[in-house]
Amino acid sequence: MSKSSQMAEGLDDPDAAAFWRAAAEGRLVYSQCTACEAKWFPLRGVCSACGSDCAERQSSGRGEVYTWSRVHRSGETGFAQQVPYVVGMIALDDGFRIMANIEPVAAVEIGRRCHVTFRASPATGKPAPLFILDEA
Amino acid sequence: MVISSGFCVTAVRYGGGVTLPYYIRPGTRMSSCMFCNAAGEPGVAMALLTSPACRAISRWRWLWDREISMSGSAAPLRGAAAIAGVGESAIGRVEGKSGVRLAIDAARAAMEDAGLALGDIDGLLVTPVFVKSWPRQANVFAEFLGVKPRWAMTYQNSGASACSMVGTAAAAVHSGLADVVLIATGDNELTGLGTTGVVTELARQRDPDVEVPYGLIVPAGFAMAARRHMHEYGTTPEQMAAVAVTMRDHARRTGRAHHAGPLNVADVLASPMIADPFHRLDCSLVSDGGGAVIVTSLERARHLKKSPVPILGVGEAYTHERLSNAPSLTTFGGKLSAERAYGMAGVGPADMQVAGIYDCFTGVVLIELEDFGFCKPGESGPFVASGGIGVNGRIPVNTHGGLLSYCHPGYPGGIFHVIEVARQLRGEASGRQVKCDLGFVNSMGGVFATNSTVILGTENAL
Ligand SMILES: [Zn+2]
Chain V
5 MSKSSQMAEG
15 LDDPDAAAFW
25 RAAAEGRLVY
35 SQCTACEAKW
45 FPLRGVCSAC
55 GSDCAERQSS
65 GRGEVYTWSR
75 VHRSGETGFA
85 QQVPYVVGMI
95 ALDDGFRIMA
105 NIEPVAAVEI
115 GRRCHVTFRA
125 SPATGKPAPL
135 FILDEA
Chain U
4 MVISSGFCVT
14 AVRYGGGVTL
24 PYYIRPGTRM
34 SSCMFCNAAG
44 EPGVAMALLT
54 SPACRAISRW
64 RWLWDREISM
74 SGSAAPLRGA
84 AAIAGVGESA
94 IGRVEGKSGV
104 RLAIDAARAA
114 MEDAGLALGD
124 IDGLLVTPVF
134 VKSWPRQANV
144 FAEFLGVKPR
154 WAMTYQNSGA
164 SACSMVGTAA
174 AAVHSGLADV
184 VLIATGDNEL
194 TGLGTTGVVT
204 ELARQRDPDV
214 EVPYGLIVPA
224 GFAMAARRHM
234 HEYGTTPEQM
244 AAVAVTMRDH
254 ARRTGRAHHA
264 GPLNVADVLA
274 SPMIADPFHR
284 LDCSLVSDGG
294 GAVIVTSLER
304 ARHLKKSPVP
314 ILGVGEAYTH
324 ERLSNAPSLT
334 TFGGKLSAER
344 AYGMAGVGPA
354 DMQVAGIYDC
364 FTGVVLIELE
374 DFGFCKPGES
384 GPFVASGGIG
394 VNGRIPVNTH
404 GGLLSYCHPG
414 YPGGIFHVIE
424 VARQLRGEAS
434 GRQVKCDLGF
444 VNSMGGVFAT
454 NSTVILGTEN
464 AL
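Taken in sequence, the protein lines are chains V and U. So in the numbering used here, spot 59 of the first sequence is number 63, and the numbers just go up one at a time. So in the numbering used here, spot 311 of the second sequence is number 314, and the numbers just go up one at a time.
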């Protein structure tokens with residue numbers, strides 16, 4: 005396993021480790037400032053707007069596709085068996101954006117509603133968010 | 004807003020104030036219009052009008068000596084330093100040369116170009132070698148080349164390194180840290196890693212928790228921005244392909260580009276899809292090559308071999324690291340970086356006569372043309388499709404062929420844009436020469452994450 009994929013397990017970063025622990029339990033979490041209520045992703049202990057402490061919040065996991073790309077050549081990223089796959093950005097109803105894979109790959113469009121599930125990331129082997137399009 | 008009675012009606016009428024550039028302190032007393040020098044009642048600068056619509060911008064000159072030095076602010080960087088030499092190694096597929104060796108070849112070419120010897124170099128800026136990373140890269144390079152600088156730095160600003168290094172070199176010369184700064188870059192990505200190796204390594208270097216788990220290859224990151232541009236403005240794959248075709252036309256004129264075969268829009272669209280909407284020919288090359296630039300004071304450059312290319316403005320901007328945290332996906336930090344450089348140079352996009360734009364993917368150029376003020380938002384697609392960035396277009400872009408066709412060895416890629424614009428300003432761009440006294444160069448790294456701009460000119464533009 006490469007150095008970067010070990011890092012992806014969150015071994016060296018307590019905030020990242022908290023995210024992956026939640027993901028293993030099927031929960032998508034983000035940070036919210038306890039003072040100014042700004043929302044942040046990925047998790048962080050200190051608000052990037054005002055410097056106050058942040059608290060962990062659980063997302064509804066619902067949102068819409070903000071943008072996407074269907075990838076046909078993956079390099080040796082662990083996704084060689086997945087092509088074509090879609091990596092995209094989802095605007096969560098909770099008020100933050102996240103990058104993730106989106107399925108089914110042939111139906112992805114900007115604006116489509118979607119919801120989170122979790123599956124083992126082909127890159128890291130650990131449970132990671134996967135967004136599934138809602139029924140059209 | 005400009006809070007002063009000391010500014011001419013022209014400047015005020017074209018209003019839309021933005022923040023004061025860092026090199027003018029709020030509260031600086033001004034007695035003339037910053038744009039056109041028209042005399043007025045003495046007033047206090049609170050902010051600077053930088054609307055590109057103001058036709059007076061290109062004509063104003065800062066009243067530095069009288070105004071700024073009196074106020075105690077730093078003296079201006081504008082025109083303090085100049086590019087005195089440029090050079091390249093062999094480029095394309097270059098067998099048997101390490102990244103350091105390619106940088107050395109380029110550095111020696113640049114010294115020859117300037118008429119300088121090893122002993123003249125007392126400042127050094129070097130990018131890391133991607134294929135084989137060394138700790139203390141600048142020092143490793145110094146030993147191999149045989150220089151003993153009194154100021155040196157390994158510069159890692161990813162794709163934005165080139166313009167960042169030019170600006171930093173100008174500041175180093177201006178402040179006295181060094182008299183002659185050699186900027187040297189080289190990498191052997193093609194023979195050392197190969198295309199798949201480079202794609203893989205770059206993907207591994209994305210955010211380990213936010214991007215790597217989802218297979219974000221770099222082309223897909225830029226493709227997401229292009230997708231948003233298509234969605235918001237109706238931009239088409241054909242318009243993006245026109246960028247690749249224009250770059251190839253320019254590359255063919257140089258006689259030494261990495262890729263120089265004929266290319267048309269249908270070829271681009273027929274090439275394999277990599278990361279939708281980018282086909283293979285929407286993606287830049289993976290090359291071997293090195294480029295070097297020598298920066299010294301304008302005064303010293305005047306006594307060297309070639310005509311000086313004064314550095315008139317520099318700017319940088321940083322807005323996000325993870326793409327999901329970019330404020331927008333259709334306009335980026337390059338807009339701010341360009342505005343800062345225009346502001347220092349006292350010019351606007353309408354004054355630019357040639358440009359070097361970081362063309363890692365075709366769709367990236369469209370977004371950048373808008374951010375740098377060469378087109379209105381949403382108009383870049385039709386602009387490039389109608390020849391706007393060709394040698395004979397409104398703003399000739401990357402007349403060497405850019406990262407898409409000339410050479411893209413990774414971190415050194417942006418230096419070729421700097422070199423080409425310098426050659427244009429010296430009148431040395433045979434077969435593709437543009438009539439110009441003012442040139443624009445932008446470098447960009449990450450996925451629109453690090454942004455740097457320089458404005459270059461001739462002596463006529465001072
Ligand atoms: Zn806060």
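Every residue gets a Cβ at the ideal spot worked out from N, C-alpha and C, and that includes glycine.
Check	Outcome
Cα-Cα separation, V/Ile136 to V/Arg123	11 Å
Check: V/Ala53 C-beta below 8 Å from any heavy atom of ligand 1	yes
Enclosing alpha helix (DSSP H) for U/His232 [first to last residue]	221-236
Where U/Glu214 meets chain V, residues with beta-carbon distance less than 8 Å	Met103
Residue from V/Gln86, V/Arg66, V/Ser78 whose Cα sits closest to the Cα of V/Met93	V/Arg66
Contact list for the segment 61-85 of chain V against chain U, Cβ threshold 8 Å	Tyr70, Thr71, Trp72, Ser73, Arg74, Val75, His76, Arg77, Ser78, Gly79, Glu80, Thr81, Gly82, Phe83
Alpha helix (DSSP H) runs wholly inside the segment 373-410 of chain U, at least 4 long, in chain order	383-388
Residue interval of the alpha helix (DSSP H) (run including V/Thr1)	Nothing about residue 1 of chain V can be read from this structure; chain V reaches only from 5 to 140.
Minimum C-alpha distance to U/Ala85 - residue among U/Leu407, U/Leu315, U/Glu373	U/Leu315
Exposed unless 16 or more other CB atoms sit within 10 angstroms - verdict on U/Ser136	exposed
Cβ-heavy atom distance, V/Cys37 to ligand 1, below 8 Å	yes
V/Glu60: CB within 8 Å of a non-hydrogen atom of ligand 1	no
Local conformation of U/Asp190 per DSSP, three classes	strand
Where the beta strand (DSSP E) through U/Val350 begins and ends	Note, U/Val350: premise wrong, no beta strand (DSSP E); not H, not E.
Any non-hydrogen atom of ligand 1 within 8 Å of U/Ser290 CB	no
Nearest residue (CA-CA) to U/Leu332, options U/Gly195, U/Met233, U/Ala228, U/Phe364	U/Ala228
Distance cut-off 8 Å: V/Ser56 Cβ against heavy atoms of ligand 1	yes
Within chain U, the residues that V/Gly92 reaches when beta carbons sit closer than 8 Å	Met227
Cβ contact check for the segment 356-371 of chain U and the segment 385-404 of chain U: 3 or more pairs under 8 Å	yes
Span of the alpha helix (DSSP H) around U/Asn142	140-148
Where the beta strand (DSSP E) through V/Pro131 begins and ends	131-137
Neighbour flag for V/Tyr34 against chain U, beta carbons, 9 Å	no
Within-9 Å CB hit, V/Ala59 to chain U	no
Closest Cα partner of U/His420 within the set U/Gly413, U/Leu406, U/Ser433, U/Phe375	U/Leu406
Burial state of U/His253, where buried means 16 or more other Cβ atoms lie within 10 Å	buried
Chain-ordered neighbours of U/Val202 on chain V, where CB pairs are closer than 7 Å	Gly79
Own chain partners of U/Glu241 with C-beta closer than 6 Å, once the 5 adjacent residues on each side are dropped	Val268
Any non-hydrogen atom of ligand 2 closer than 8 Å to V/Cys40 Cβ	As presented, the structure is devoid of ligand 2, carrying ligand 1 as its sole ligands.
Segment limits, alpha helix (DSSP H) that includes U/Ser467	Because chain U in this structure spans residues 4 to 465, residue 467 of chain U falls outside the shown range and cannot be described.
Proximity test, Cβ basis, 9 Å: U/Asp116 and chain V	no
Minimum Cβ-Cβ distance from U/Pro322 to chain V less than 9 Å	Here residue 322 of chain U is Thr; the residue named in the question, Pro, does not match the sequence. No, U/Thr322 does not count as interfacial toward chain V.
Listed by chain order, chain V residues near U/Tyr217 by CB distance under 8 Å	Val91, Met103, Ala104, Asn105, Ser125, Ala127, Ala132
Chain U residues whose Cβ lies nearer than 8 Å to that of V/Ile114	Arg230, Arg231, His234
Candidates V/Lys130, V/Cys51, V/Ala28: closest to V/Ser35 by CA position	V/Cys51
Min CB distance U/Thr3 to chain V below 9 Å	Residue 3 of chain U cannot be examined here, being either before or after the span of chain U that is shown, 4 to 465.
Closest by C-alpha distance to U/Ile458, when choosing among U/Gly318, U/Ile392, U/Arg139, U/Thr334	U/Gly318
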